[in-house]
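Only one structure is covered here, and it is reproduced in the block below.
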Amino acid sequence: SRIISRCLGRGIAIYSSHTSWDTVENGLTDWLISCFDGKVSTITPLNINPKFSHVVTLSASVKDNSHPLDGMRIKTIVESSDFQADRDFKVVNSNDSQLQVLCDSSSLLTLNKVAKSSKYNLFFYAIKNESLPSSSTGGGRFCQFTNRLTINAAIEKIKRHLGVDNLMIALARGSTLESTIGSAAAVAGSGASVLRGVNADLYLTGEMSHHDVLDAVHNNVTVVLANHSNTERNYLKVFAGRLLKEMPHLNVHVSKVDRDPLTFV
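Note that full-length UniProt numbering has the sequence shown beginning at 1, numbered continuously upward.
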């Protein structure tokens, strides 16, 4: 918050892509898994066929401050016309001025009629909920290696890719550094929830809990932990190059002092 406050005070805009870069095609996680050669797929692809066809925003048009309408009151108005949440629509956002819902095309006209027939004359705005363009968008990446590697060789590849000298490793039950593996799954940052149960020989992520590591090694998976931001930092150089290509007039700087707060001693 201190850094954000200083930037705002000096008129500097801040944009943090964060999870969007983790999940997008050719983003951070694709870069992370690219230290291995092989066929890459998404562990948890985003749903390419949305259940609801439209996003609808309803807001009050009355200017009578004695009868303020917030999102929950608008929801009550809609439900009074036999429309039911979770059956006919799904609430995705409710605040002090509007209600935003998902619905299918069969409910769209009826919902509009309800809005217009209300004594509050609700504003009605609908956007078509488009399908995602690619199933390769989503959380985590799995790589089936072209050729099997020893665990030790995989570790060296990861070190070079991340630009680190040390990694934490928990060997799968019965494995040694010379044991060979044929696949890996990777999640930037904290990846336990995505990696849990994935059928891979090696998990690569920044951090996992003690119990998640134990669960993995007893399911014959070797775990490699690099610390949270170490799985992300070297990607900044890749992103800086892409940004310069799109906007060559910019001066792009990648921090030389930023580092993970945890170090090996």
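Ideal Cβ positions, reconstructed from N, Cα and C, are used throughout, including at glycine.
Exercise for the section: Would you please state the rounded distance, in angstroms, between the beta carbons of T205 and S175? I believe it to be under 8 angstroms. Expected result: No, T205 and S175 are not in contact; Cβ-Cβ is about 18 angstroms, not under 8 angstroms.
Practice task
Would you please state the rounded distance, in angstroms, between the beta carbons of L122 and I74? I believe it to be under 8 angstroms.
Solution key: 7 angstroms
Handout entry: Identified DSSP bridge partners for P45
Key = G138
Handout entry: Cα-Cα separation between R10 and F89, rounded to whole angstroms
Key = 44 angstroms
Handout entry: N-terminal and C-terminal residue of the beta strand (DSSP E) that C103 is part of
Key = 98 to 103
Practice task
State the start and end residues of the unbroken beta strand (DSSP E) segment that holds H54.
Solution key: 54 to 59
Problem - Spatial distance of G38 from A240 (CA atoms) - result: 26 angstroms
Problem - Contact set for G191: own chain, Cβ-Cβ below 6 angstroms, skip 5 residues either direction - result: T205
Problem - Segment limits, alpha helix (DSSP H) that includes G182 - result: First-last for G182: 180 to 186, but that is the beta strand (DSSP E), not the alpha helix (DSSP H).
Handout entry: CB contact flag (H54, C7, <8 angstroms)
Key = no
Exercise for the section: Kindly indicate which three-state DSSP category F89 falls into: helix, strand or coil? Expected result: strand
Practice task
Could you check what DSSP says for N230 in three-state terms: helix, strand or coil?
Solution key: helix
Problem - For I77, the three-state DSSP class (helix, strand or coil) - result: helix
Problem - Contact under 8 angstroms by Cβ, V198 with F142 - result: yes
Problem - Cβ-based neighbour list, K237, same chain, cut-off 8 angstroms, excluding 5 preceding and 5 following - result: V254
Handout entry: Assigned secondary structure, S17 (DSSP; H/G/I helix, E/B strand, else coil)
Key = coil
Exercise for the section: Label D96 either buried or exposed according to how many other C-beta atoms from any shown protein chain fall within 10 Å of its C-beta, with 16 as the threshold for buried. Expected result: exposed
Exercise for the section: Could you name the residues that DSSP lists as bridge partners for R235? Expected result: The sequence given here places Tyr at residue 235; Arg does not occur at that position. Per DSSP, none; premise fails for Y235.
Problem - Nearest to V224 (by Cα), restricted to the options T57, H18, A115, G189 - result: G189
Problem - Y9, DSSP secondary structure in three states - result: Reading off the sequence shown, one finds Gly at residue 9, where the question assumed Tyr. In the structure shown, G9 sits in a helix (DSSP, three-state: H, G or I).
Practice task
Could you please give the first and the last residue of the uninterrupted alpha helix (DSSP H) stretch that includes L177?
Solution key: Here L177 belongs to no alpha helix (DSSP H), and DSSP marks it neither H nor E.
Handout entry: Contacts around N152, its chain only, beta-carbon distance under 8 angstroms, and the 5 residues preceding and following it disregarded
Key = L177, E178
Exercise for the section: Could you check what DSSP says for M168 in three-state terms: helix, strand or coil? Expected result: strand
Handout entry: CB of F52 within 8 angstroms of CB of N129, strictly
Key = yes
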